[in-house]
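*Asks:*
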Amino acid sequence: MPLDQMSYDELPYTCSAMPYAQPDRLATLATLFGMTPPAVATCRVLELGCCDGSNIIATAHQLPQAECWGVDWSAQQIANGQALVKTLGLQNITLKQLNILEIEEDLGQFDYIIAHGIYSWVSAPVQAKIFQICKHHLTPQGVAYISYNTKPGWNVRDILRDMMRYYGAAVDTPKRTEQLKTLLQLIAKTINAEQTAYNQVVHEELTHFAQLPEHFIFKEFLEEEHQPEYFHQFIAKAHSHGLEYLADAFLSTMLVSNFPPTVAEELQVFQSHLIYQEQMMDFLRNRRFRHTLLCHQDTPLNRHLSPAVLNYFYIASSLQPVANMAKPLQQFANAQGSVSTEQPIIQLALQYLSQQWPKAVAFTELVAQIKSHQDDPPSVQEQAILADALFNCYAKGLMDWYTQPPQLISTITTYPQASSLARWQAQHSHRVTNQRSEVVTIENGICLRLLPYLDGTHDQTALLRQLNDWVEQGLLTIHIKHQETGEAINLPAENRQEILEKLLVDALQLIAQTALLVA
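Numbering (the working numbering), first residue to last: 515 to 1033.
(1) May I ask you to verify whether the stretch 980-995 touches the stretch 903-912, counting CB pairs closer than 8 Å and requiring at least 3?
(2) Return the Cβ separation of Gly563 and Ile632 in integer angstroms, given the expectation that the two are a contact with Cβ distance under 8 Å.
(3) Here's the rule: buried if 16 or more other CB atoms are within 10 angstroms of the residue's CB, otherwise exposed. What is Ala752?
(4) For Leu788, name the three-state secondary structure that DSSP assigns.
(5) Using the Cα positions of Glu779 and Pro821, report the straight-line distance between them to the nearest angstrom.
(6) Where DSSP assigns a beta bridge to Ala658, which residues make up the other side?
(7) Tell me which residues share the same chain as Asp914 and place their Cβ nearer than 6 Å to its Cβ, disregarding the 5 neighbours each side in the sequence.
(8) Check whether the Cβ of Glu718 lies closer than 8 Å to any Cβ atom in chain D.
(9) Ser458 lies in the beta strand (DSSP E); which residues open and close that run?
(10) Would you say Gln897 touches the ligand SAM, meaning its beta carbon is less than 7 Å from a heavy atom?
(11) On the DSSP letters alone, give me the boundaries of the alpha helix (DSSP H) that Ala574 sits inside.
(12) Taking all protein chains shown into account, do 16 or more other C-beta atoms lie within 10 angstroms of the C-beta of Ile571, making it buried, or fewer, making it exposed?
(13) Can you tell me the Cα-Cα spacing of Thr925 and Thr608, whole angstroms?
(14) Three-state secondary structure (DSSP) at Asp1020?
(15) Would you mind working out which of Leu560, Asn594, Asn772 and Ser588 sits nearest Cys582, comparing C-alpha positions?
(16) On the DSSP bridge list, what partners appear for Cys582?
(17) Consult DSSP for Asp973 and reduce its assignment to one of helix, strand or coil.
(18) In three-state terms, what does DSSP make of Val836?
(19) Hey, would you say Trp635 sits closer than 8 Å to Glu743, going by beta carbons?
(20) What are the boundary residues of the alpha helix (DSSP H) that Leu962 is part of?
(21) For a test of the three-state rule: what should DSSP assign to Asn816, helix, strand or coil?
(22) Among all the DSSP beta bridges, which residues are the ones paired with Val457?
(23) Taking the C-alpha atoms as reference points, what is the distance between Met768 and Thr710?
(24) Leaving out the 5 sequence neighbours to the left and right, which residues in its chain are closer than 6 Å to Leu968 when beta-carbon positions are compared?
(25) Going by beta carbon distance, what residues of the same chain come within less than 6 Å of Leu604, once the five residues before and after it are set aside?
(26) At which residues does the beta strand (DSSP E) containing Tyr916 begin and terminate?
(27) So for Tyr522, helix, strand or coil by DSSP?
(28) Excluding the five sequence neighbours on either side, which residues of its own chain have a C-beta within less than 7 Å of the C-beta of Asn800, listed in chain order?
(29) How many angstroms separate the CA atom of Asp518 from the CA atom of Val783?
(30) When the Cα atoms are used, what is the spatial distance from Gln845 to Ser854?
(31) Is the beta carbon of His805 sitting closer than 8 Å to the one on Phe764?
(32) If you follow the beta strand (DSSP E) that Arg945 is in, where does it begin and where does it stop?
(33) Only counting the same chain, and skipping five residues up and downstream in sequence, which positions put a Cβ closer than 6 Å to that of Glu524?
(34) Quick one: grab the DSSP three-state call for Phe803.
(35) Any contact between the stretch 883-895 and the stretch 956-970? By contact I mean 3 or more CB pairs, one from each, below 8 Å.
(36) Do the stretch 647-655 and the stretch 611-630 touch if we need at least three Cβ pairs shorter than 8 Å?
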C-alpha cells in the first residue's frame, strides 16, 4: 500500500454513496450486453477500499436481503462505519479493517465487486491483487467495477503533480497544504502574465483544482503511489488475469454516436475493435478518469445493442416538458440535456414518466398508460419507435434504466416516511443519501428539519404542530414578502396556520421529488 498505517488513518479523505457503482447500475449494463447477472435484491457485494462504508452502507440499507462486505485499511474509517451500521441496526453488512493483500479465498464468492478510487494510488502488486480478487471471488455472471485515472488527461496533470511533490518535499508536513496553496497562486500569476499554449492548458487544470476539496488534492498530488495509465493498458492487465471488458459505468461514453457526425463517421473505422475505438475516443476527449466494468473472460457478450431489451427494464426519467413550444414539436429537458420530438407516442411516454419521477416505471406499464390515452392501442411499429427513442435517451444519459427499481415512493402518504439513513444524516449534515444512492444537498431549511421526524409515526397533523412549535420557539423563521413591492412583512398570527400548511405540503413534495420517501 502507498502509505504507512498511521499516515493512512490520518489522511483527510471523505466518502459518499455512488449511484454509478451500485449493483443496480452494474446489473443493468450487464443485462444490456447479453449477460444474466445475479438478482440485485439478493446479491452478495464486496467493496474494496470502502472508506467509512458510506457507499456500501447505502447498498445494504436499500437491499435488506443482500449480503454486503466492505474492507479498508484505515482502522478509524472502519470504526466510523461500524458505528453507523450499529446505529441503523443493519444486519446484512460487515465492515472489516483489512489490507487488500491479506484477502484470502475464504472470503467467498461475490456477485458484484467494487473498487473505487484506489487502483491508481496503490503499488503494482496491490493492483495485481485487485484483479486476482475480481477473478477468483466473482461469481460466473458477476460484474466487477474498477475506477482509475487515465491518460491522456493525466499527462498534463502529472506535470503539476511532479511540481507539487517536488515543492512539497521541502516543506514541513503541518504546513504543506498552506504552502501548496501558495504554489498554486504563483503558477496562476505566471500564467496570467504570459498567454502561451502551455499556460492555457495549465490554466484549465487550475480552474478545475479550484473546485476540489483540499483532501482530494492531497490524495491526487501528494501520495507517493500514483499510476495513471491508458485504457488499453488497463484492459491488457485485466486480460492477463482472465477478465474481460464489459462496459463503462456511463454508457454514453462508449457510443460514437455522441460525437459530432463527421467525427463519429471516422470512429466507425474502429467498430470491429472495441478497445481501439474507446481508446481513440479517450484521446479525442482527453479523458482523465474511467469507471470500467469487468466480467469473466469466457462470458458470452452481445455487442449489438437493441431497444428490444426494454422489456427487461424499469425506466426513470426527470425530463420535464418545456413550455411555449410550437406544436407539434415538444421539447423535454433536465439537468443532463434535452430531447425534442413530434411523435405523440413519445410525448405521452415522456409526460407520464415525468409525472411518476423519481419512481421507475416498467416498460409494459408505460405502454399500458399510453393505450389508456389513445383511441387505438399503439401499433407494433409505434412501440418500436417509442423503444428506439427511450434507448437514445438512455444512451445519452438523459434517463436511467433498472433491472430492479429503487425502493421509493413519489406520493405523500398520511404518515410520510423517509429512509432511516437519510433521517440520521439530516441530523448531522445538509448532505443526505437518497433512495437512488445519490448524495443530495438539502438547502431548504424546513425539509432538513422535517426529515428526522419522517419515521412513519407522525401524521401530517403532527408535523404541522411541529412546524408551529419551531416558529414559536424561534427555531424557524418565516420570511414573507409583499407580492408587488417585495418588501418584508410580518406574518400575522391568524394567517400562520394557512402559511404553515402550504409550507408543509411544499416541503413534503420536495422531499418526495428528491427520492427520499419510502413505503
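Virtual Cβ for every residue (Gly too), placed ideally from N, Cα, C.
*Replies:* Looking at the coordinates:
(1) no
(2) One-based indexing of the sequence shown puts residue 563 at position 49. One-based indexing of the sequence shown puts residue 632 at position 118. Indeed, because the Cβ distance is near 4 Å, the residues count as touching under 8 Å.
(3) Within the sequence shown, numbered from 1, the residue matching residue 752 stands at position 238. Label assigned to Ala752: buried.
(4) Indexing the sequence shown from 1 puts residue 788 at position 274. Leu788 falls in the helix class under three-state DSSP.
(5) Here residue 779 corresponds to residue number 265 of the sequence shown, with the count starting at 1. Here residue 821 corresponds to residue number 307 of the sequence shown, with the count starting at 1. So the two alpha carbons sit approximately 22 Å from each other.
(6) Numbered from its first residue, the sequence shown carries residue 658 at position 144. Note: Ala658 sits in a beta bridge opposite Ile627 and Leu808.
(7) Position 400 of the sequence shown, counted from the start, is the residue given in the question as residue 914. Here the set comprises Ala830.
(8) Although the question refers to chain D, the structure presented lacks it and comprises just one protein chain.
(9) A query on residue 458 cannot be resolved here, the shown segment of the chain reaching from 515 to 1033 and no further.
(10) Absent from the structure shown: the ligand SAM. Ligands present: none.
(11) Within the sequence shown, the letter at position 60 stands for residue 574. Here the alpha helix (DSSP H) through Ala574 covers Ser568 to Gln576.
(12) Position 57 of the sequence shown, counted from the first residue, corresponds to residue 571. By the neighbour-count rule (16 or more Cβ atoms within 10 Å), Ile571 is buried.
(13) For the purposes of this step, residue 925 is identified with residue 411 of the sequence shown, where counting begins at 1. For the purposes of this step, residue 608 is identified with residue 94 of the sequence shown, where counting begins at 1. Approximately 33 Å between the Cα atoms of the pair.
(14) Translated into positions along the sequence shown, residue 1020 becomes position 506. Of the three classes helix, strand and coil, the one that applies to Asp1020 here is helix, per DSSP.
(15) Sequence index remark: in the sequence shown, residue 582 carries index 68 (1-based). If we check each option's Cα against that of Cys582, Leu560 comes out closest.
(16) For this step, residue 582 is matched to residue 68 along the sequence shown. Paired residue(s): Val559 and Ile607.
(17) As a first step, residue 973 is located in the sequence shown; it is residue number 459 there, counting from the start. If DSSP states are grouped into helix, strand and coil, Asp973 belongs with coil.
(18) Here residue 836 corresponds to residue number 322 of the sequence shown, with the count starting at 1. Residue state, collapsed to three classes: coil.
(19) Taking the sequence shown and counting its residues from 1, the one referred to as residue 635 is at position 121. Taking the sequence shown and counting its residues from 1, the one referred to as residue 743 is at position 229. No, Cβ-Cβ distance for Trp635 and Glu743 is not below 8 Å.
(20) Locating residue 962 in the sequence shown gives position 448, where the first residue counts as 1. Gly959 to Leu964 is the span of the alpha helix (DSSP H), which, as asked, contains Leu962.
(21) Position 302 of the sequence shown, counting from 1, holds the residue named residue 816. Looking at Asn816 - three-state DSSP - the assignment turns out to be coil, as it is neither helix nor strand.
(22) Residue 457 falls outside the range modelled here, since the chain spans only 515 to 1033, and no answer is possible.
(23) For the purposes of this step, residue 768 is taken as the residue at position 254 of the sequence shown. For the purposes of this step, residue 710 is taken as the residue at position 196 of the sequence shown. Rounded to the nearest angstrom, the two C-alpha atoms are 33 Å apart.
(24) For the purposes of this step, residue 968 is identified with residue 454 of the sequence shown, where counting begins at 1. Contacts found: Pro930, Gln931 and Ala932.
(25) Here residue 604 is taken as the residue at index 90 of the sequence shown, counted from 1. Once the five neighbours on either side are set aside, the close Cβ partners of Leu604 are Ala574.
(26) If you number the sequence shown from 1, residue 916 lands on position 402. Its beta strand (DSSP E) spans residues Asp914 to Tyr916.
(27) In the sequence shown, counting from the first residue as 1, residue 522 sits at position 8. Low confidence applies here, because Tyr522 scores a pLDDT of 39, under 50, leaving its location unreliable and the question unanswered by this model.
(28) Position 286 of the sequence shown, counted from the start, is the residue given in the question as residue 800. Around Asn800: Pro666 and Gly667.
(29) Translated into positions along the sequence shown, residue 518 becomes position 4. Translated into positions along the sequence shown, residue 783 becomes position 269. Residue placement at Asp518 cannot be trusted, given a pLDDT of 41 that sits under 50; what the coordinates show is reported in the next sentence. Roughly 48 Å between the two C-alpha positions.
(30) Working through the sequence shown from its first residue, we reach residue 845 at position 331. Working through the sequence shown from its first residue, we reach residue 854 at position 340. Distance between the alpha carbons of Gln845 and Ser854 is about 4 Å.
(31) What you label residue 805 is simply residue 291 of the sequence shown in a count that begins at 1. What you label residue 764 is simply residue 250 of the sequence shown in a count that begins at 1. Cβ atoms of His805 and Phe764: closer than 8 Å.
(32) The residue labelled residue 945 in the question sits at position 431 within the sequence shown. Unbroken beta strand (DSSP E) run through Arg945: Arg945 to Thr947.
(33) Against the sequence shown, residue 524 aligns to sequence position 10. Summary for Glu524: the model assigns pLDDT 40, below 50, so the residue's position carries little reliability, and this model does not support an answer.
(34) Within the sequence shown, the letter at position 289 stands for residue 803. Of the three classes helix, strand and coil, the one that applies to Phe803 here is strand, per DSSP.
(35) no
(36) yes
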